[in-house]
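Engineer:
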Amino acid sequence: MKRFNTPPGWPRPPDGWLPPPWWQPDPSWPPAPPGWQFVVEEEPDRAGAPAQPGLWIALAGGALVLLSPVLPWIQEEGGVAAWEIKPGVRILSGLLGAALMGAALGSIRAREPGTRTVIATLACVFAAVACGGYLLLIAVGQSGTPVDSGYGFTVASHWSPGPGLIFSVIGAAVCAVGQGITAVRSRRLVTVRQQHTTPGWR
676 MKRFNTPPGW PRPPDGWLPP PWWQPDPSWP PAPPGWQFVV EEEPDRAGAP AQPGLWIALA
736 GGALVLLSPV LPWIQEEGGV AAWEIKPGVR ILSGLLGAAL MGAALGSIRA REPGTRTVIA
796 TLACVFAAVA CGGYLLLIAV GQSGTPVDSG YGFTVASHWS PGPGLIFSVI GAAVCAVGQG
856 ITAVRSRRLV TVRQQHTTPG WR
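Taking this note's numbering, the leading residue of the sequence shown gets 676, the next gets one more, and so forth.
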């Protein structure tokens, strides 16, 4: 992938800008060093914003959510729970984990910090909402859910979160934190680039 190699003392052009055949530098800019390469090849993974550790944290969090459907979600404190999570909810949780991992991979592959900021921000909000939903489900279990006793009346069944639900909470929270860190750092990079970019490149 090609990019414009800015000579020393020149303002930074917009991201992705390459000089057209008729382009001439501003006469007020200092001359480029002899033999300066204005257009250079660059590896795709180095062309845009650098990879950030928050994305790998988010990827690990998404993997935890993806793994959660195959593990028990609830356990009754005194034995087998009489109330069970609907299979569809667990399937949706697995799809959520896949989506969170996909968002993390998309952010990792994003060349431009602006694109990465958008993806990371949306994924952070999505993961935070999912984490809140999991916590609400745990609160319902702790407060008790009505189940049929078999004798014509209902009783409150109290249960604790199983490893699957715990993995979902932790994974969603970790993903939200990782994507949040990435969104903030990428946004700062966008701001820095804007401050060092002079309009007027043609």
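Don't be surprised by glycine CBs; every beta carbon is placed ideally from N, CA and C.
Go through its chain and collect everything with a Cβ distance to residue 810's Cβ below 7 Å, but skip five positions before and after it.
Structural biologist: Counting from 1 along the sequence shown, the entry for residue 810 is found at position 135. So the qualifying residues of the chain are 844.
Engineer: Rounded to whole angstroms, how far is the Cβ of residue 799 from the Cβ of residue 855, which I believe are closer than 8 Å?
Structural biologist: Locating residue 799 in the sequence shown gives position 124, where the first residue counts as 1. Locating residue 855 in the sequence shown gives position 180, where the first residue counts as 1. Confirmed, Cβ separation roughly 4 Å.
Engineer: Kindly indicate which three-state DSSP category residue 750 falls into: helix, strand or coil?
Structural biologist: Residue 750 sits at position 75 when you count from the first residue of the sequence shown. It is a strand residue.
Engineer: Alpha helix (DSSP H) containing residue 731: first to last residue?
Structural biologist: Working through the sequence shown from its first residue, we reach residue 731 at position 56. Where residue 731 is concerned, the enclosing alpha helix (DSSP H) stretches over 728 to 742.
Engineer: At the level of alpha carbons, what is the spacing between residue 878 and residue 769?
Structural biologist: Here the chain comprises residues numbered 676 to 877, so residue 878 is not present and cannot be evaluated.
Engineer: What residue range is occupied by the uninterrupted beta strand (DSSP E) comprising residue 836?
Structural biologist: On the sequence shown, position 161 is the one that residue 836 refers to. Element bounds for residue 836: 834 to 836.
Engineer: What residues match up with residue 677 in a beta bridge as DSSP calls it?
Structural biologist: Taking the first residue of the sequence shown as 1, we reach residue 677 at position 2. In DSSP, residue 677 forms a bridge with 716.
Engineer: How far does the alpha helix (DSSP H) with residue 762 in it extend, from its first residue to its last?
Structural biologist: Here residue 762 corresponds to residue number 87 of the sequence shown, with the count starting at 1. Looking at the DSSP string, the run of the alpha helix (DSSP H) that includes residue 762 is 762 to 784.
Engineer: From which residue to which residue does the alpha helix (DSSP H) around residue 804 run?
Structural biologist: Taking the sequence shown and counting its residues from 1, the one referred to as residue 804 is at position 129. Looking at the DSSP string, the run of the alpha helix (DSSP H) that includes residue 804 is 788 to 818.
Engineer: Quick one: using the 10 Å Cβ neighbour count with 16 as the cut-off for buried, is residue 863 buried or exposed?
Structural biologist: Counting from one through the sequence shown, the residue named residue 863 turns up at place 188. Exposed, because fewer than 16 other Cβ atoms sit within 10 Å of the Cβ of residue 863.
Engineer: In angstroms with no decimal places, state the Cα-to-Cα distance between residue 785 and residue 791.
Structural biologist: Walking along the sequence shown from the start, residue 785 turns up at place 110. Walking along the sequence shown from the start, residue 791 turns up at place 116. Cα to Cα, residue 785 sits roughly 6 Å from residue 791.
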